[in-house]
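Chains A and B, in that order, are what the protein sequence lines are. The opening position of the first sequence corresponds to residue 1 in UniProt numbering, with each subsequent residue numbered one higher. The opening position of the second sequence corresponds to residue 1 in UniProt numbering, with each subsequent residue numbered one higher.
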Amino acid sequence: MTKVVAVTGNEAVANAFRQIEPDVCAAYPITPQTELMQRFAAFVSNGQVKTEMILVESEHSAMSACVGAAAAGGRVATATSSQGLALMWEILFIASGLRLPIVMPVVNRALSAPINIHCDHSDAMGARDSGWIQLWSENAQEAYDNTIQAFRIAEHMDIRLPVMVCYDGFIISHSIERIEYLDDEVVKKFVGEYKPLYPLLDVDNPKSYGPLILTDLYHEVRKAHSEVYKKVPKVVVDVAKEFKKISGRSYGLFESYRLDDAEIGIVILNSAAGTTKDVIDEYRERGIKVGLLKPRLFRPFPYEEVGNALKNLKAVCVLDRADAFGGSFGPLYLDIAASLCNFKEKPVLINRIYGLGGRDYMPEHAQGVIDELIEIAKTGKVKVLKEYIGVRE
Amino acid sequence: MATPLNLKELSKKELRFTSGHRLCAGCAAPTVVKMILLAACDWPVVVASATGCLEVSSCISTYTAWKVPWIHNAFENAAATLSGVETMYRALKKQGKIDKDIKFIAISGDGGTYDIGFQSLSGAMERWHDMLYVCYDNEAYMNTGIQRSGATPTYADTTTCPAGAVIPGKPQQRKDLTKIMAAHGIPYVAQASPSHWPDLMKKVRKALEIEGPKFINVFTPCNRGWRTRTDDAILISRLAVETCFWPLYEVENGVTKVTFKPREKKPVVEFLKAQGRFKHLFEPGKEKLIAEIQEMIDKNWERLLKEEEMFASKEESQ
């Protein structure tokens, strides 16, 4: 029996944590993640979960403690945002390099300077090459569902990799939405018993974690590591299939919205996809064949599948909620462009940067982009390849 | 029944840090590690190391010198990493998944302890994790080639504060980390030296028997960095103790006790002249600098004795 509630995104994810009941949770507060950890700490204080909390002195230590706890041999979770994720950066690579299945919701927020507590994706994009699997979520329901699936994905014996669950700060984390909760027992059964692999606490069979690997083998170790990522998409899809059985909700590598017969399309992550879908519906009513692709598994990036889904379109706009300063285009654009570059026939691509530091993404922004795509599809001409939209003049 | 800490009994115990590691000949660190693990011989232990000489030399590719579970995470986070291991231990013990009584030991150099790792160490102690943190203090960043650290003593010659015509080595005094750790109010803090091995091993044993956070700072000569002979580590350690450059003491539940008082306190020149890193202090005209070092040592030693006396008189009056 599912339970329908009205809660914030953070509350929904805290509830997922309660249902999953990780053995250890190390965390440091940072806006807009704070509410999630406060709520979870209350579950711990009230004895609703048996999780041991480590209330560390920094995010660097939070991730360090998670590495130690996961290596010790149990289920581990933390959560962060923005500067906190940036402070963890060094240890993110160690967590994935040691193949530790840590799960971490990242409540997306802009990076300093200037300091800004509101949503954009510069934090998670900064960590995109750290070897963490990244799942992105459009709304509180998806953040909740992705968090539950993340443990199964991370702990899968074929991959054993850490997973980030990204959802938009304030827009999702602090807005109240309608959520369908699964039953505690259903979630517990779905996630299952944790299976330790080479636990440090098995003192009769000592293991050494974190050796020095020099030039004779480092290259080979990294090649082996990169091979593991090829197995991730299948695991993500398999876990989603099982999740559908308990929830009725379908997930894939990405969501295609009215994309099958589309001539023009928008690629966009997280909450802004919702607004875009509404605008797409309006244009569809007017007979304009527009669709949307919303990546869910952003790392490792399923470039073959994404490329195939977009190759037949005439024009596509990739909307990035983060810029790559000094680089050519936004981070999402680069992956989309790379996914398409080897097809003979491919759409014309443009890149728009939107919503930095919590700037609202309004229906008129989506309208402006679609109008421009209609024009590009007609003429084949692009006025500006990359541009910020929604900027105050 | 605990294994007595004497040579006869200890010699029957298996060494849990093997030979064949790649530390420099004459390095005191493996000696210190062997002493710690021997003192802990009655318990299963899990060890965490910070990045440093000991770490890079003891676990390379598929070879490891550690016969106990061991984890290396990064340079500045041995304490935080072990916090995680120890917390998972408590979580699994509570759930009945583990029944063994395991001890947790972090072993890091002075860089990973006094400096970059200090936040992580301080946090772990404040959170009261049940672990022993051992700093093997070789008084500089030896792994990267003898750069000054917060533990480098005044006027020592290092590659980032070289003794030159204007600046005579490290201008600042060393950070007194042992006292800073005692100020955390944790149950046990001590200073030890491999030259006085029964004292060192007793301290480790005592620390492991106490529940909660413990810290031991161990003097660990580095012949490469200190410009001494390869067989000098123990000799130099003894001189450090006998000159009171490195006093042996402990602070147990806030009570300071000096565990070794030299019959005759040797002048610090004996410690300094044995090492190339202080060679420049023996050039003509530099006498004042040695006198300054001597003065610092005397002041600290007297202060330590007074601190001990203060607690002793309190105990008597009770």
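Glycine included, C-beta positions come from ideal geometry on N, C-alpha and C.
Min CB distance residue i to chain B below 8 angstroms
i: A41 (chain A); result: no
i: C66 (chain A); result: yes
i: K207 (chain A); result: yes
i: I94 (chain A); result: yes
i: K188 (chain A); result: no
i: A72 (chain A); result: yes
i: residue 404 (chain A); result: An answer regarding residue 404 (chain A) cannot be provided, because it is not within the stretch 1 to 393 covered by chain A.
i: I102 (chain A); result: no
i: L200 (chain A); result: yes
i: residue 428 (chain A); result: Any property of residue 428 (chain A) remains undetermined from this structure, which presents chain A solely from 1 to 393.
Same chain, Cβ closer than 6 angstroms to residue i, five either side skipped, listed in chain order
i: P114 (chain A); result: none
i: K214 (chain B); result: L132, Y188, A207
i: A102 (chain A); result: Note that residue 102 (chain A) corresponds to Ile in the displayed sequence, not to Ala. Cβ neighbours of I102 (chain A) beyond the five flanking positions: C66, A70, V76, A95, P162.
i: G73 (chain A); result: P196, P199, L201
i: I105 (chain B); result: V45, V47, L132
i: L37 (chain B); result: R16, F17
i: C25 (chain A); result: T51, M53, A77
Residue i: contacting residues in chain A (beta-carbon distance under 8 angstroms)
i: M131 (chain B); result: The contacting residues do not exist; M131 (chain B) stays about 11 angstroms from chain A at best.
i: N217 (chain B); result: Under the 8 angstroms cutoff, chain A gives no residues; its nearest Cβ is about 21 angstroms from N217 (chain B).
Cβ neighbours of residue i in the same chain (closer than 7 angstroms, five flanking residues each side left out)
i: P363 (chain A); result: T275, D278, V279
i: I323 (chain A); result: Sequence check: residue 323 (chain A) is Asp here, not Ile. Correct list, in chain order: G330, I353.
i: Y114 (chain B); result: S149, G150, A151, K175, L177
i: A163 (chain B); result: D157, G169, H280
i: W246 (chain B); result: Q191, S193, F219, A240
i: K259 (chain A); result: Residue 259 (chain A) is actually Leu in this sequence, not Lys. Closer than 7 angstroms at the Cβ level, and outside the excluded window around L259 (chain A), lie G265, G291, L292, L293, A309.
i: V187 (chain A); result: Q19, I20, I148
i: V236 (chain A); result: I153, L253, L297
i: D158 (chain A); result: K231, V235
i: D261 (chain A); result: K289
i: S271 (chain A); result: E138, N139, D168, I171, I172
Sub-8 angstroms separation of residue i and residue j beta-carbons
i: L121 (chain B); j: A79 (chain B); result: yes
i: T160 (chain B); j: D199 (chain B); result: no
i: Y361 (chain A); j: G368 (chain A); result: no
i: S81 (chain A); j: R99 (chain A); result: no
i: M142 (chain B); j: R277 (chain B); result: no
i: L212 (chain A); j: C24 (chain B); result: no
i: H72 (chain B); j: E55 (chain B); result: yes
i: C41 (chain B); j: T3 (chain B); result: yes
i: E211 (chain B); j: D110 (chain B); result: no
i: E185 (chain A); j: Q141 (chain A); result: no
Residue-level contact to chain A via CB, residue i, 8 angstroms cutoff
i: Q95 (chain B); result: yes
i: S61 (chain B); result: yes
i: V56 (chain B); result: yes
i: N143 (chain B); result: no
i: N77 (chain B); result: yes
Residue i: contacting residues in chain B (beta-carbon distance under 9 angstroms)
i: E57 (chain A); result: A80, Q119, S120, S122, G123, A124, E126, R127
i: H225 (chain A); result: Correct list: empty, because the minimum Cβ distance to chain B is about 15 angstroms.
i: E21 (chain A); result: Per Cβ cutoff of 9 angstroms: no residues; E21 (chain A) is ~10 angstroms from chain B at best.
Interface residues of chain A facing residue i [CB-CB closer than 7 angstroms]
i: H72 (chain B); result: Y209, G210
Under 8 angstroms by beta carbon: chain B residues contacting residue i
i: V203 (chain A); result: P44, V45, V46, V68, P69, K100, I102
i: V24 (chain A); result: G84, T87, M88, A91
i: E90 (chain A); result: A74
Chain-ordered chain B contacts of residue i [CB-CB under 7 angstroms]
i: H156 (chain A); result: Simply none; closest approach about 20 angstroms.
i: A69 (chain A); result: G84, V85, T87, M88
i: L217 (chain A); result: S61
i: K50 (chain A); result: K94, Q95
Per-residue contacts from residue i into chain A (C-beta, under 9 angstroms)
i: T64 (chain B); result: P206, K207, S208, P211
Cβ-based burial, residue i [other Cβ within 10 Å; buried from 16]
i: I176 (chain A); result: exposed
i: T379 (chain A); result: exposed
i: H219 (chain A); result: exposed
i: T230 (chain B); result: exposed
i: I167 (chain B); result: exposed
i: V221 (chain A); result: exposed
i: S328 (chain A); result: exposed
i: P32 (chain A); result: buried
Residue i CB to nearest heavy atom of the ligand FMN below 7 angstroms
i: A338 (chain A); result: In the structure shown, the ligand FMN is absent, as is every other ligand, since no ligand is present at all.
Interface flag, residue i vs chain C, CB-CB below 8 angstroms
i: E287 (chain B); result: Going by chain labels, chain C is absent from the structure shown, which instead holds the protein chains A and B.
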